Amino acid sequence: MNTRYATAFVAIAILFVALTLTAVTTRVGVFAQMEDVEDTSSDSTNQIDESSGIAEDAEDQDEPGEDILEAEDDSESAEEEEEIEYTSSFRTEDCTFSATGSNPYFILEPNYRQVLVTNESAAGAELTITVLNETREVNGTETRVVEERETGNGELVEISRNFFAICDETNSVFYFGEEVDDYENGAIVSHGGAWLAGEGDNKAGLIMPGTVLLGAKYYQEIAPNIAVDRAEIIETDGELVVPAGSFDDVLVVAESNPLEPGVVELKYYASGVGLLQEEDLKLAEYGFIDGQ
């Protein structure tokens, strides 16, 4: 009996060990599968995160053509700024114009005269500006005729008749055009730069504003492809010495012309006097002369 019992006990023990090993193996396999699932899930999560990052990067990038559209917008803005940089619309239809009067920097009283010279000898250039006792109707407006006579080395170079009127409401002086005679050896050879408001697309320009504002920009002549001088007020309190005297609170205007890119000419004005200097021409005499 003891031998039989011993044999049975051994058999039971072997069976128990086998069952235990089977259970352990099964649990190990399950854990391994769980780890594989977790790893797979982690990989999927990483892939999703990477995909999200790619999507976010894609969203951050400009849509195709956005840079071009933005550049076009910038270009259009720059063109618009250039178009409105100098004022060319002055609401002259609201003005009551007078052919006689004076703006602090621009006198339209008959027989007022200024003489500007490059030097005090006869060898240089000379510009004589005279407000004539004469008017002319231009584009329905009565204007004052101002003659400019330029000589060089004693020879006549140019005579121009310029047409101005003052807006009573603003005290601004407007420029309605000019007639020009260019001379060589005493004879007229051309009429360069002549224009009149009302002919074609020509309009009156602003030669001197009634209210002087630093930085103001405006067209003095509006005759497309003929005369398009424009001005910018760059100083209002300058000082200047010319043959006619010393002046304070000098107005400085920078003139340019889009037909001549890069060319800028400075003009200097004194209140109650008018033009003091234009390029190398400086005021030597000014005042009223005997009636003509």
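Just so we're on the same page, this note's numbering is the position in the sequence shown counted from 1, plus 6.
Don't be surprised by glycine CBs; every beta carbon is placed ideally from N, CA and C.
Because the structure is a prediction, the values reported are computed rather than measured.
Checklist entry - Can you name, in chain order, every residue of its own chain whose Cβ lies under 8 Å from the Cβ of S323, other than the five neighbours on each side? => result Nothing can be reported for residue 323, as the shown portion of the chain is limited to 7 through 298.
Checklist entry - Around the C-beta of I228, are 16 or more other C-beta atoms found within 10 angstroms, so that it is buried, or is it exposed? => result buried
Next on the checklist: Just to confirm my understanding: we take I113, look at its own chain, exclude 5 residues before and 5 after, and list those with CB closer than 7 Å. What are they?
Outcome noted: V137, G280
Checklist entry - When DSSP builds the beta bridges, which residues end up paired with E143? => result E148
Next on the checklist: Can you give me the C-alpha to C-alpha distance between E184 and A210, rounded to a whole angstrom?
Outcome noted: 11 Å
Next on the checklist: Checking the sheet assignment: what are the DSSP bridge partners for Y189?
Outcome noted: I194
Checklist entry - Under a Cβ-count criterion, where at least 16 other Cβ atoms within 10 Å of its own Cβ denotes burial, should F180 be classed as buried or exposed? => result buried
Next on the checklist: Can you list, in chain order, the residues of its chain with a C-beta nearer than 8 Å to that of P264? Leave out the 5 residues immediately preceding and following it.
Outcome noted: V234, R236
Item to check | Inter-residue Cα distance where the pair is T98 and H197 | outcome: 27 Å
Checklist entry - What are the boundary residues of the beta strand (DSSP E) that includes F169? => result Looking at the DSSP string, the run of the beta strand (DSSP E) that includes F169 is 161-173.
Checklist entry - Quick one: what's R155 bridged to in DSSP? => result Bridge partners of R155: T134, I165.
Checklist entry - Which residue's Cα is closest to the Cα of A250: D207, Q120, G130? => result Q120
Item to check | Spatially closest choice to P230 from A203, G293, N125, by CA coordinates | outcome: Closest in C-alpha terms to P230, from the list A203, G293, N125, comes A203.
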